[in-house]
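A short worksheet on the structure shown next.
Protein chains: 2
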Amino acid sequence: MTQGCDNAVLAFAKHDHGHCTDDVLARADALSEERGVRLTPVRRRALEILLEAHRAMGAYEVLERLAAEGYGNKPPVAYRALEFLVEQGLAHRIRRLNAFAACMHPGETHAPAFFICRTCGAVAEAPAEAVRAAMEVAARALGFAIERMNAEALGLCPGCAEAAR
Amino acid sequence: MTQGCDNAVLAFAKHDHGHCTDDVLARADALSEERGVRLTPVRRRALEILLEAHRAMGAYEVLERLAAEGYGNKPPVAYRALEFLVEQGLAHRIRRLNAFAACMHPGETHAPAFFICRTCGAVAEAPAEAVRAAMEVAARALGFAIERMNAEALGLCPGCAEAAR
DNA sequence: ATATCTTATGTTATATCGTAACAGTCAAGA
DNA sequence: TCTTGACTGTTACGATATAACATAAGATAT
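Going down the list, the sequences are from chains A and B.
Here the first sequence is numbered in the numbering used here, starting from 30 and rising by one per residue.
Here the second sequence is numbered in the numbering used here, starting from 30 and rising by one per residue.
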């Protein structure tokens with residue numbers, strides 16, 4: 030685990046990639062074992078695909094990859110694998126993009142916060158306990174019980190902001 | 030028209046509805062004037078529809094209403110009107126629901142935070158400056174410049190939580 | 001006032017995303 | 001071994017969204 034994998038991932042900064050991928054996969058295996066759920070071949074492969082791409086991918090894009098490797102080539106194949114990953118906190122769904130991305134720090138309870146560059150499409154997932162906390166405060170005022178949440182921001186990543194000047 | 034709110038509500042609490050609708054429309058007119066943008070008939074009507082419904086509505090649902098009143102009945106008619114409203118901060122897009130809802134306090138810069146009841150489907154929009162602030166902090170750490178953001182939480186509204194016990 | 005430019009509306013056509021429902025498969029326990 | 005429940009695969013369809021182009025309505029300049 031070298032550069033930037035621990036902080037803002039799917040990050041804007043370059044970093045050693047093999048490590049964070051292996052790491053996350055190992056943790057995914059461990060978590061599944063622990064929880065008694067099955068990280069089956071399609072599911073694991075779907076996660077690997079997301080990790081390899083290291084960016085947000087549409088379900089059909091993941092499906093294409095899966096199909097090329099002998100798995101089914103109909104939408105439910107991808108959606109089900111991705112749904113499982115999201116349920117287990119191994120991936121996140123980024124609604125603004127109709128896309129999915131591997132979670133870079135699974136296991137830790139966290140409210141995913143995404144920062145999406147509107148120019149280059151890069152997506153960073155940042156830990157955002159403070160965001161979750163703020164949402165909890167607002168929820169309490171409404172008497173609302175939060176079960177899941179996420180926050181998404183659109184804007185310019187450092188690189189594109191630089192280029193724009 | 031005081032009690033249309035008890036069903037699917039934009040706020041979980043009951044409240045006088047005629048006032049907030051009229052209020053918001055008046056402010057929408059004023060803001061548009063101020064900004065030199067045109068709140069044309071379709072656009073204004075789309076906003077009224079969202080306000081009347083007082084809940085999140087899909088684009089096709091809005092389209093149906095518009096078409097019934099003599100406006101075009103093809104998707105772009107609704108999508109364009111809604112897009113305008115979102116751009117002007119007069120409505121919000123709730124990605125989790127593929128739906129739109131009128132903004133209940135337009136003009137104020139705010140980060141919309143939505144609380145969506147997974148049982149009854151009601152949606153509350155809460156002011157969430159603290160959420161925005163937390164996102165800004167995280168963004169700064171990444172060198173990311175936020176242009177728009179939103180947060181969505183799924184869970185149980187007070188009524189449904191009560192009923193579930 | 002009228003020609004011109006810009007913005008908005010409407011339509012056709014199609015792309016993209018997502019799911020319900022059912023059939024076959026496989027692994028694990030009774 | 002047989003049943004049971006979870007997983008995979010398929011068909012078929014529904015829902016959501018946009019590109020591209022034609023027409024109409026406002027705004028602007030002369």
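Yeah, the Cβ is synthetic: ideal placement off N, Cα and C, and Gly gets one too.
Note that this is a predicted model, so its numbers are computed, not measured.
Within the chosen definition, does the region 161-178 of chain B reach the region 180-192 of chain A through at least 3 CB pairs nearer than 8 Å?
yes
Could you work out which residues of chain A lie near B/L54, taking near to mean beta carbons separated by less than 9 Å?
Neighbours of B/L54 on chain A: none; closest Cβ ~25 Å, over 9 Å.
Rounding to the nearest angstrom, what Cα-Cα distance links B/A142 and B/A59 in this structure?
24 Å
Along chain B, which residues have their Cβ under 8 Å away from the Cβ of A/V160?
V160, A163, M164, A167 and A180
Of the choices B/L76, B/Q117 and B/E158, whose alpha-carbon is the least far from that of B/A130?
Measuring from the Cα of B/A130, the nearest candidate turns out to be B/L76.
Identify the contact partners of B/C186 in chain A, using a Cβ-Cβ distance below 7 Å as the criterion.
F173
Between the region 156-170 of chain A and the region 72-91 of chain A, can you find at least three pairs of beta-carbon atoms closer than 8 Å?
Pairwise C-beta distances place the region 72-91 of chain A out of contact with the region 156-170 of chain A, as fewer than three of them are shorter than 8 Å.
Considering just the uninterrupted stretch of the beta strand (DSSP E) at A/E181, what are its terminal residues?
A174 to L185
Give a yes or no on whether the minimum CB-CB distance between B/D40 and chain A is below 9 Å.
Note that residue 40 of chain B corresponds to Ala in the displayed sequence, not to Asp. Yes, its Cβ sits closer than 9 Å to a Cβ of chain A.
Considering only C-alpha positions, which residue in the set B/E112, B/N127 and B/H44 is nearest to B/H83?
B/H44
Look at A/I145 and A/G184 and say whether their C-beta atoms are less than 9 Å apart.
yes
Classify B/A97: buried if its beta carbon has 16 or more other beta carbons within 10 angstroms, exposed otherwise.
exposed
Kindly indicate if chain B contains any beta-carbon less than 9 Å away from that of A/L2.
Because chain A is modelled from 30 through 194, residue 2 of chain A falls outside the range shown and cannot be assessed.
Look at B/A110 and B/R67 and say whether their C-beta atoms are less than 9 Å apart.
no
I need the boundaries of the beta strand (DSSP E) containing A/A153, first residue and last residue.
V152 to A155
Determine the chain B residues that contact A/F144 at a beta-carbon separation under 8 Å, and present them in chain order.
A167, A168, L171, F173 and I175
Using the Cβ count rule (16 or more neighbours within 10 Å means buried), how would you classify B/E62?
exposed
Any beta carbon from chain B within less than 9 Å of A/R94's own beta carbon?
no
Am I right that A/R161 and A/M178 are in contact with their C-beta atoms under 8 Å? What's the rounded C-beta distance?
7 Å
Please determine, among B/R64, B/P70 and B/V166, the residue with the shortest C-alpha to C-alpha distance to B/G136.
B/R64
Give the list of continuous beta strand (DSSP E) stretches no shorter than 3 residues that lie fully inside the region 66-147 of chain A.
Correct list: 120-123, 128-131 and 142-146.
What in chain B is Cβ-close to A/R125, meaning under 8 Å?
Scanning chain B for C-beta atoms nearer than 8 Å to the C-beta of A/R125 yields R124, reported in chain order.
Looking at the structure shown, is B/A42 part of a helix, part of a strand, or coil, going by DSSP?
coil
Is there at least one Cβ from chain B nearer than 9 Å to A/A120's Cβ?
no
Suppose the cutoff is 6 Å on Cβ atoms and the five residues either side in sequence are ignored; what does the same chain contact list for A/A140 look like?
A157, V160, R161 and M178.
Please confirm if A/A157 has its CB atom under 9 Å from at least one CB of chain B.
Cβ-Cβ to chain B under 9 Å: yes for A/A157.
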